[in-house]
Amino acid sequence: MVLAMATFAVEDSVIKFVSSALPVGQILFLLGLGGASTFAGLALIRRKEVFSRDIFSKPMHFRVLSEVSGRVFYSFALALTPLTSTTMILQATPIVVVVGAAVLFNERVSTLRWAAVLLGFLGVLIIVDPASDSFSFSSILAVLGMLGFAGRDLASRAVPKSLNILTLGVHGFISIAFAGAVLSLLLAEPFIWPDFSSWLYLLAGVLLGTIGYSAIVSAMRIGEVSAITPFRYSRIIFGVAIGVLFFGENITLTASIGCVLIVLSSLIVLQLSRHKEDQDDFKSADEE
135 MVLAMATFAV EDSVIKFVSS ALPVGQILFL LGLGGASTFA GLALIRRKEV
185 FSRDIFSKPM HFRVLSEVSG RVFYSFALAL TPLTSTTMIL QATPIVVVVG
235 AAVLFNERVS TLRWAAVLLG FLGVLIIVDP ASDSFSFSSI LAVLGMLGFA
285 GRDLASRAVP KSLNILTLGV HGFISIAFAG AVLSLLLAEP FIWPDFSSWL
335 YLLAGVLLGT IGYSAIVSAM RIGEVSAITP FRYSRIIFGV AIGVLFFGEN
385 ITLTASIGCV LIVLSSLIVL QLSRHKEDQD DFKSADEE
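Counting in the numbering used here, the sequence shown runs from 135 upward without gaps.
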């Protein structure tokens with residue numbers, strides 16, 4: 135899990151670097167094309183089916199739309215806003231997943247968990263700081279990206295089990311490439327042929343994204359969710375360190391407070407969920 139978070143943080147910095155030379159739409163198109171090719175190659179080597187009727191299911195449609203919206207907004211956030219604040223806001227994703235699960239899957243959420251969720255949203259609000267003079271719409275981009283990623287995670291729970299990880303990766307990246315192409319047309323972005331350094335950044339982005347994706351899936355399959363989820367927040371350490379050291383960003387006191395509230399909220403939600411699972415296991419054993 136730590137490896138996944140480290141690679142994702144570096145991938146974010148790569149996108150931020152290359153966004154100074156290439157339009158965001160073109161970046162998404164090239165990264166999507168590279169990612170889809172990589173996962174398709176892996177599927178071919180492992181003889182996994184890439185196309186099936188299940189990719190046209192409603193949960194898969196929702197997953198693709200969420201993936202696209204998350205990637206587009208988050209990429210714009212990386213290009214236009216500080217890496218440190220963008221990374222902090224992204225950590226609220228598990229909180230939104232809890233709310234989404236309650237609404238979409240009718241999962242019961244206790245009063246304490248709702249209180250923890252509100253605490254996390256307060257942390258996001260503090261980081262965005264809409265009341266400050268320096269507030270701009272660009273600050274909302276990371277929030278919209280985070281909501282998209284949360285929707286993707288929720289949809290992943292409902293997609294048909296017949297769709298393997300490589301299949302999801304192929305179609306996820308194809309949708310990103312398509313979205314990048316459409317975005318470039320809508321914004322009338324001219325195609326810029328990447329120079330050598332930009333190609334290196336893009337190649338690094340594809341490789342890091344593939345490694346991070348594989349690492350996080352392996353972690354979720356091998357380890358217990360309650361045990362490995364806290365390590366997700368190691369991404370804050372990597373993201374903040376990169377933002378400060380390579381982009382000269384400063385961390386404000388309010389952003390730090392907001393970040394602490396988000397992490398605290400997520401850990402409380404996790405602990406309450408784990409406690410509920412233990413109680414359910416105890417009741418099941420008692421009934422037997």
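C-beta: ideal position from N, C-alpha, C; glycine also. These numbers come from a predicted model, not from an experiment.
Are the CB atoms of residue i and residue j nearer to each other than 8 Å?
| i | j | result |
| --- | --- | --- |
| Met222 | Ala389 | yes |
| Gly306 | Leu395 | no |
| Ser153 | Leu224 | no |
| Arg286 | Ser200 | yes |
| Ala265 | Ile402 | no |
| Leu165 | Val277 | no |
| Ser290 | Leu214 | no |
| Ser332 | Leu156 | yes |
| Thr227 | Ala140 | no |
| Pro216 | Glu383 | yes |
| Leu342 | Glu145 | yes |
Measuring straight from C-alpha to C-alpha, what distance separates residue i and residue j?
| i | j | result |
| --- | --- | --- |
| Ile308 | Ser203 | 14 Å |
| Lys150 | Phe210 | 9 Å |
| Leu317 | Ile161 | 11 Å |
| Glu183 | Leu252 | 42 Å |
| Val232 | Trp327 | 43 Å |
| Gly169 | Tyr367 | 25 Å |
| Phe163 | Ala315 | 6 Å |
| Ala353 | Met135 | 6 Å |
| Phe142 | Arg369 | 8 Å |
| Ile189 | Ser296 | 10 Å |
| Val237 | Val378 | 38 Å |
| Tyr208 | Arg180 | 32 Å |
| Glu241 | Gly234 | 9 Å |
| Ala311 | Val206 | 11 Å |
| Ile430 | Val262 | As shown, the chain starts at 135 and ends at 422. That puts residue 430 outside it, with no answer to give. |
| Val243 | Pro364 | 20 Å |
| Ile229 | Leu404 | 9 Å |
| Ala174 | Trp248 | 41 Å |
For residue i, does the three-state DSSP call read helix, strand or coil?
| i | result |
| --- | --- |
| Leu259 | helix |
| Phe269 | coil |
| Asp415 | For Asp415, the predicted structure reports a pLDDT of 48, less than 50, and the residue's modelled location is therefore unreliable. The matter cannot be settled from this model. |
| Glu201 | helix |
| Ser296 | coil |
| Ala155 | coil |
| Lys192 | helix |
| Val374 | helix |
| Val277 | helix |
| Arg120 | Residue coverage of the chain in this structure runs from 135 to 422, which leaves residue 120 outside it and unanswerable. |
| Ser186 | coil |
| Arg247 | helix |
Quick one: measure Cβ to Cβ for residue i and residue j, integer angstroms, because I've assumed they're closer than 8 Å.
| i | j | result |
| --- | --- | --- |
| Ala177 | Val304 | 6 Å |
| Phe380 | Ser219 | About 15 Å separates the two Cβ atoms, so there is no contact after all. |
| Thr172 | Thr344 | 5 Å |
| Leu406 | Leu246 | 6 Å |
| Ser348 | Gly254 | No, Ser348 and Gly254 are not in contact; Cβ-Cβ is about 28 Å, not under 8 Å. |
On the DSSP letters alone, give me the boundaries of the alpha helix (DSSP H) that residue i sits inside.
| i | result |
| --- | --- |
| Tyr367 | Element bounds for Tyr367: n/a, residue is neither H nor E. |
| Thr215 | No alpha helix (DSSP H) holds Thr215; DSSP gives it neither H nor E. |
| Ala143 | Val136 to Val152 |
| Ser318 | Ile299 to Leu320 |
| Ser167 | Looking at the sequence itself, residue 167 is Leu, so the reference to Ser does not match. It spans Val158 to Ile179 - the alpha helix (DSSP H) in which Leu167 sits, taken as one unbroken run. |
| Pro328 | Here Pro328 belongs to no alpha helix (DSSP H), and DSSP marks it neither H nor E. |
| Thr386 | Neither: Thr386 is in no alpha helix (DSSP H) and is coded neither H nor E. |
| Ile229 | Thr227 to Leu238 |
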